[in-house]
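See below for the structure under consideration.
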Amino acid sequence: MKKEPVNVREAQASTRKGNFEEVVMGYSEDQALLEAARCIQCKDPKCIAGCPVGIDIKKFIHEITKKEYPAAFATIREKNNFPSICGRVCPAEYQCRKTCVFTKKDSLFASKEAINIHFLERFVGDYGMNNKVGAPKTSDKTLSKYKVAIVGSGPAGLCCAGELARYGVKVTIFEALQKPGGVLRYGIPPFRMPRDILDFEIDYLKKLGVEFVGNFIIGRTKTLDELLAGGYSAVFLGLGAGIPSFLGIPGENLCNIYSANEFLTRINLMSAYKFPEYHTPVNIGKKVLVIGGGNTAMDAARAALRLQNMTMRASDTTIIYRRTEVEMPARRLEIEHAKEEGVKFKFLMQPVEFLGDENGFVKKMRCLECKLGDPDSSGRRRPVPIEGSEFDIDCDIAVIAVGLKANQILISVTPELKTDKYGDLIVNKETMETSIKGVYAGGDIVGGEGTVIEAMGMAKTAANGILEHLKTVSC
Amino acid sequence: MKILNKEILLDSGGVRIGMLEVLSPDIALKAKPGQFIVLMASEKGERVPLTVVEKNPSKGTIRLIFQEAGLTTRVLGAMKAGESLYSLVGPLGHPTEIKKYGKAIIVGGGVGIAEIYPVAKAMKEAGNHVTTVLGARSKDLLILEKELKNTSDEFYIATDDGSYGRKGFTTDILEELLSKGKYDLVYSVGPIPMMKRTSMVTKKFNAKTIVSLNAIMVDATGMCGCCRVTVGGKTYFSCVDGPEFDASLVDWEELIKRNRIYDDKEKHICKLNII
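Those sequence lines, one after another, are chains A and B.
First residue of the first sequence? That's 787 in the working numbering, and the numbers climb one at a time after it.
First residue of the second sequence? That's 5 in the working numbering, and the numbers climb one at a time after it.
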């Protein structure tokens, strides 16, 4: 008989919807052992190819079964510096778990569910964190004389820094905001990833010798040229997709209409959910609409619902999406969590206008009903608005979560950096080098919106490119 | 980020305006007239934008001037020399386009006078004929009078109560000047109603008018869109697209309303004895 997958412990929906504590509590040791024991240790494991940074999944799961946790930790860290982060935010069902042999219906080993690789990774990462397990360091004396600057401390920047620092390269990370982490800090809410996890993983980089410079904007405080002239042999740009898209419909600048970025930045980076202890406010209302169907929309809706429960002991938060649940790009887990907590979903609705009161605050959203048409370039069926189907929905807060564009601050003052029609940086895919020699890039500024681990994958390639580059320059 | 100097420039009739001289060598080197910084007074504080009023690159300092209005500016007002800001980043926004326009009128009202000072100085240095018009409620509420007088070819003051200069508004003087002579540029910073009236007056004379907008911001790097303003029917982020815009195209009503989004929260937090 095939073994059942081990479900992960989660906080009760009724409790967690009223606070910002972590929802998924992770595996206990016994649970991790049971789940690890499900892995059949394929001769030719497919899961590893499904991981954008190529973690030796088979090996670390085997090490768990032998209770060799420090070894498992070392195995993961060999490829991924941030197991506690990735174990929490990776959409594993689209990556390593998608390629697990258990998911192959025609396989002899087809099982109910792929191995919960992400929960096992998290277990090992948290074990390492809680037990202060050291990480492998392969210092190379010939590299320690080089200085590399990293612009942006999001997933790509952190990963690239870790890869280089492991070889002894002197790395400085420049971050525009007051704290490092990028989207991990301002975008991902504490109930998905507690701040102390992020702080721990960043602290690990500091232990590797990485220097963080906050409140520093390359392109404003210093130009890229000045940075290069300052003794850095290479620069990595992990600028991110930081610019929020809006719908471009009338009334969108009414008060209490937020971009998801603003709403989440106020809450996550500025701790507005602890106002007035923290001084940054965020408004919350009786009826919140979140427009969009991605993970950011789920994060915004779940944050809004928590604020409602914390301030009014009742919640009414609805996600509005143009297509249907099947086409939603958000992770299934996030959608399920949102539903459990009481977030409502309305599908096949396209906003066309916001209406406000005399003081300029939003009161209603006007929508058109949609039906699904033919698939578009993304392969998902296109929403087609139905003429004359207009109707209004009440709302006093609206959050727009319909995507992000490339951050242009540095690019706009550095014309030598070549970009594509989306404003993303053009790079040599083998090395991730940009149009400027010695300047590399990765993450959302290259590929457009992607996942944390995809950004890290690019950053690793860039780190290898940089290491090769360093061998060719004197410092 | 260390405060080297702090002064209360005025404290009268419930209005307190303070000045900080802050150590920030990188910003002091880079800041240009019209640009601003974002600071946090404490780890739990808000991110607040303030114009760089003056810089001293050799000393590595910048000067910031603020009127105590909300909690953060009151916290700044209570800070002392020797203390440090929690964070300071910049310079942000596009600098003012400084060049020889010919004849320029620079209009400043209230604490906005601090913001026109670097621009007036740079315009003068660029060879413009600079006429400065300052406005305040009364004589006690005027700042930087001497400094601005020194950078101006012509100089006027209007006070609401007539306690100094002309009784009335800056726009009365502006209208007179524009009806008597030809000017190539009007630059104005002050309370929104003043900038709006300035725009109404200069529109009549078809005079090119630039204003610097004080929208609410969070990151101020284009990431959040909190500071969006409608200019000429299009949405712009004042942090990265501005802060300066063509006054005749600004949707003032929207800006006034958006700047009141957190009025109730501000009242609430100011009532608590946090400072």
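Ideal Cβ placement from N, Cα and C applies to all residues, glycine included.
At a cut-off of 8 Å between C-beta atoms, Cys1041 of chain A counts as an interface residue with respect to chain B.
The continuous alpha helix (DSSP H) containing Leu1014 of chain A extends over residues Leu1010 to Ala1015. The beta-carbon of Val222 of chain B is placed less than 8 Å from the nearest beta-carbon of chain A. Fully enclosed beta strand (DSSP E) runs of no fewer than 3 residues occupy 1130-1132 and 1135-1142 of the region 1128-1153 of chain A, in order along the chain.
Comparing C-alpha distances from Val215 of chain B to each of B:Thr225, B:Lys208, B:Met221 and B:Met204 shows the shortest one belongs to B:Met204. A direct Cα-Cα distance of roughly 17 Å separates Ser897 of chain A from His904 of chain A. At a cut-off of 8 Å between beta-carbon atoms, Asp250 of chain B makes no contact with chain A.
Taking C-beta atoms under 8 Å as the contact rule, Leu950 of chain A and Ala1241 of chain A fail to qualify, at a distance of about 16 Å. For a Cβ distance threshold of 9 Å, nothing in chain A lies close to Gly112 of chain B: the least Cβ distance comes to about 25 Å. Chain order gives the chain A residues near Met44 of chain B as Gln964, where near means a beta carbon separation below 8 Å. Ranking B:Ala73, B:Pro29 and B:Ala45 by CA distance to the CA of Tyr266 of chain B puts B:Ala73 first. For Met23 of chain B, the three-state secondary structure derived from DSSP is strand.
Per DSSP, reduced to three states, the secondary structure at Arg1117 of chain A is coil, with no helix or strand assignment.
Neighbours of Tyr266 of chain B in chain A, taken as residues at a C-beta separation under 8 Å, are given in chain order as Pro1067 and Asn1069. Boundaries of the beta strand (DSSP E) harbouring Tyr1044 of chain A: Ile1043 to Ser1045, taken from the DSSP string. Leu8 of chain B is outside the set of residues whose beta carbon lies under 8 Å from a beta carbon in chain A. When the five nearest sequence neighbours on each side are left out, the beta carbons in the same chain lying within less than 6 Å of the beta carbon of Arg971 of chain A are those of Lys965 and Leu1055, in order along the chain. In the DSSP assignment, Met811 of chain A falls within the beta strand (DSSP E) that extends over Val810 to Gly812. For Val235 of chain B, there is no enclosing alpha helix (DSSP H); the enclosing beta strand (DSSP E) covers residues Arg232 to Val235. Distances from the alpha-carbon of Val42 of chain B to those of B:Ala35, B:Arg51, B:Ile7 and B:Lys34 put B:Arg51 closest. Neighbours of Ile1003 of chain A in chain B, taken as residues at a C-beta separation under 7 Å, are given in chain order as Val93 and Thr225. Taking a C-beta distance under 8 Å as the contact criterion, Pro1062 of chain A and Ile273 of chain B qualify as a contact pair. Residues of chain A whose Cβ lies closer than 8 Å to the Cβ of Ile279 of chain B do not exist; the shortest such Cβ separation is about 11 Å.
Of the residues A:His1065, A:Gly1209 and A:Leu1119, the one whose Cα lies closest to the Cα of Glu47 of chain B is A:His1065. Comparing alpha carbon positions, the residue from A:Arg1152, A:Val996 and A:Tyr1107 closest to Arg1167 of chain A is A:Tyr1107. DSSP places Asn154 of chain B in the helix class (H, G or I) of the three-state scheme. The region 10-95 of chain B is shown to contain whole beta strand (DSSP E) runs of 3 or more residues at 19-27, 40-44, 52-60 and 65-71, in chain order. Interface with chain B (8 Å Cβ-Cβ cutoff): Ser800 of chain A is excluded.
Distance from the CA of Thr1082 of chain A to the CA of Ser167 of chain B, rounded to the nearest whole angstrom, comes to 56 Å. Between the C-alpha atoms of Leu1253 of chain A and Gly1233 of chain A there is a straight-line separation of about 22 Å. Within the DSSP bridge table, the entry for Tyr191 of chain B names B:Ile110 and B:Ile214 as partners. In this structure, the straight-line span from the alpha carbon of Tyr913 of chain A to that of Thr801 of chain A is close to 26 Å. Collapsing the DSSP output to three states places Leu894 of chain A in coil. Annotation for Gly139 of chain B: no alpha helix (DSSP H) segment contains it, though the beta strand (DSSP E) segment containing it runs His133 to Ala140.
Taken atom to atom, the span from the alpha-carbon of Gly97 of chain B to that of Ser156 of chain B is near 25 Å. Cβ proximity to chain B below 9 Å picks out Ile1195 and Ser1198 from the region 1195-1221 of chain A.
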